[in-house]
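Visitor: Numbers 0 to 302, taken from numbering that gives the first Met the number 0, label the letters of the sequence shown in order. By construction, the Cβ of each residue, glycine as well, lies at the ideal position given by its N, Cα and C atoms. None of the values given here were measured: they were computed from a predicted structure. Okay, here's the structure, questions in a sec.
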Amino acid sequence: MTVQDTAEIIDGNAIAAKIRGGLKARVDKLVAAAGWRPTLAVIRVGEDPASIVYVGRKVRACEEAGIDSRQYVFPEDVSQAEVIATVRELSSAPDVHGILVQLPLPEHIALAPVLGAISVEKDVDGFHLYNVGGLVIGDTVFPPCTPHGVMLLLDAAGVDVSGKNAVVVGASNIVGKPMALMLMQREATVSICHIKTRDLAQYTILADILILAAGCPNLVVGPMVKRGAVVVDVGINRLPDGRLVGDCDFDTVKERASLLTPVPGGVGPMTVTMLLANTVKSAERHFQREKGQAETVGEPEPA
């Protein structure tokens, strides 16, 4: 089999780096005009190892982009009321422009009230009901980071979504549902599946664009993929041997797809980059309100 017969790999790291360069320039421009930096507040509850790693990556990414970050770390047994009180305090703080609550939260803390306490103007994860609901009509302040990152990956790879059959495997509020809405806004014909879909292959084999976000390793294998399809693997699964893999069997799917994202190094870097982009956007909006100007904020450009 020749190289041309295997999928071209979409390099999420390279695309994210280019977008972050543009964000750094916007931060520098804002600092020169306003005299302060965009600031992201990160709330973490407990000592979950994965959460610690993810927060560390986000903090480092902020530093590289010139964004200030503050961490608020609570013990596992913190009360829901205390977390919500902190969120509300940060929501009213004029020097905080974005609020991130690292998930998952402990079982005794209900997610909806915590996310609902975040100001819409600082909901840089895009999880607030206002922002999620805004996707339905195509008018959200901050789009959810992972689906937005996927759309920019597709743009950077030159994929025209309009008129394509798109299948999203995974129906979460964080990725699957908003992903489907974003694809619909680009005039794709969208089907939403999940791990309980009967005969999943009958849907995936029809997909021109296949988005995998079910959190199940090897859920999709090569014969389930239409030849020449674009496959974006959002899944992150750690195997018993310690390896990180996505939701597809990479080796067999790459023999069928035309474009394929790796895990790691595909969607992950874009998710963090969109968090930075939303934080910068929030800070720019804040500055414009201070100056009484109309909002003409920038958007991350496709690489």
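Here's the rule I'm using: 16 or more other beta-carbon atoms within 10 Å means buried, otherwise exposed. How should Leu180 be labelled?
Guide: Buried.
Visitor: Roughly how many whole angstroms lie between the Cα atoms of Met223 and Ser190?
Guide: Distance between the alpha carbons of Met223 and Ser190: 15 Å.
Visitor: Report the rounded CA-to-CA distance for Asp4 versus Leu153, giving the unit in angstroms.
Guide: Their Cα atoms are separated by approximately 20 Å.
Visitor: What is the C-beta distance between Val54 and Arg43, in whole angstroms, given that I count them as a contact (C-beta under 8 Å)?
Guide: Sure, about 5 Å apart at Cβ, within 8 Å.
Visitor: I'd like to confirm the pairing. Which residues does DSSP put opposite Phe208 in its beta bridges?
Guide: Note that residue 208 is Ile in the sequence shown here, rather than Phe. Note: Ile208 sits in a beta bridge opposite Ala165 and Val229.
Visitor: Could you check if Ala282 is buried or exposed, using at least 16 other CB atoms within 10 Å of its CB as the buried criterion?
Guide: So Ala282 ends up on the buried side.
Visitor: Reducing DSSP to helix, strand and coil, say where Val41 ends up.
Guide: The answer is strand: DSSP assigns Val41 an E or B state.
Visitor: Could you compute how far the alpha carbon of Ala80 sits from the alpha carbon of Asp67?
Guide: Taking the straight line joining both Cα atoms gives about 26 Å.
Visitor: Run through DSSP, which three-state label would Ser91 get?
Guide: Helix, per DSSP.
Visitor: When the Cα of Cys61 is compared with those of Pro261, Trp35, Asp76 and Lys23, which residue comes out closest?
Guide: It is Lys23 whose Cα lies nearest to the Cα of Cys61.
Visitor: Based on Cα-Cα distance, which residue from Lys290, Cys247 and Val52 lies nearest to Val271?
Guide: Here the closest residue by C-alpha is Val52.
Visitor: Residues in the same chain with beta-carbon distance under 6 Å from Ile98, minus the five sequence neighbours each way, listed in chain order, please.
Guide: Excluding residues within five positions, the ones whose Cβ falls inside 6 Å are Ala40, Leu89, Ile117 and Lys121.
Visitor: If you follow the alpha helix (DSSP H) that Arg59 is part of, which residue opens it and which one closes it?
Guide: Run containing Arg59: Pro48 to Ala64, per the alpha helix (DSSP H) assignment.
Visitor: Buried or exposed for Asp159, please, with buried defined as at least 16 other CB atoms from any protein chain shown within 10 angstroms of its CB.
Guide: With fewer than 16 other Cβ atoms within 10 Å, it is exposed.
Visitor: Taking contact to mean 3 or more Cβ pairs, one atom from each stretch, closer than 8 Å, check whether the region 198-212 and the region 164-176 are in contact.
Guide: The region 198-212, when compared against the region 164-176, does touch it at the 8 Å Cβ threshold.
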